[in-house]
Amino acid sequence: MTKVNTMIPAIHRAAGPELVEACYKVPEVEPDVRCPTGEARITPGFKLPASHVIHTVGPIYDSDKDPKASLTSAYKNCLSVAKENNIEYIAFTAISCGVYGYPFEEAATIAISTVKNFADGIKE
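The numbering of the sequence shown is the working numbering, which starts it at 3 and goes up by one.
Now the structure itself:
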């Protein structure tokens, strides 16, 4: 939520300083960790054209014990937070790709299958 990766600076600039403040208000679960790998947290969107930002931390591909499970959890927990907050639409970046080293194709397959499985489990 507060660590630097490729998306955080752009999102924080667009949302305004209130988003940074909101991130630091999320309680630490251990020193300097507000959102452990695979979990999700929510803040208001502030100046973004979205009501909320759902934050997650994906795995570092080469050092996570089970990167597939961690990445699946990241997507699944974001979707769960969205559902709990009655959010009807969600957009994702390519979680853990780029600086975290997750291969794009493999990560895309996990993202698509996780979203599909989650949607299949929702009853209208």
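Positions of the beta carbon are idealized from the N, C-alpha and C atoms, including for glycine.
Around the Cβ of residue i, are there at least 16 other Cβ atoms within 10 angstroms (buried) or fewer (exposed)?
i	result
F106	exposed
V101	exposed
A12	exposed
I123	Just to set this straight, residue 123 is Gly in the shown sequence, not Ile. Exposed is the call here.
V83	buried
R15	exposed
Out of the options, state which residue places its alpha-carbon closest to the alpha-carbon of residue i.
i	options	result
T116	S98, A71, N88, Y102	A71
P38	P51, C25, G60	G60
Y26	I44, A16, M9	I44
S53	E30, A17, V31	A17
Just the Cα atoms here: how many angstroms apart are residue i and residue j?
i	j	result
V28	H57	11 Å
T95	Y63	16 Å
V55	P33	23 Å
S98	D68	13 Å
I92	P19	22 Å
N88	G103	32 Å
L21	S65	29 Å
T111	K49	32 Å
A121	A76	15 Å
L73	E90	22 Å
E41	N79	6 Å
A24	N119	31 Å
K153	A113	The chain is shown from 3 up to 126; residue 153 falls before or after that span and cannot be answered.
E108	M9	20 Å
Is residue i near the ligand SAH, judged by its Cβ being under 8 Å from some heavy atom?
i	result
I92	The ligand SAH is absent from the structure shown, which contains no ligand whatsoever.
Using 9 Å as the limit for Cβ to Cβ distance, is residue i near chain D?
i	result
H54	This model lacks chain D altogether, as it is built from one protein chain only.
* In the segment 8 to 81, which residue ranges form an unbroken alpha helix (DSSP H) of at least 4 residues, counting only runs that do not cross its ends? -> 10 to 17, 19 to 27, all fully within the segment 8 to 81.
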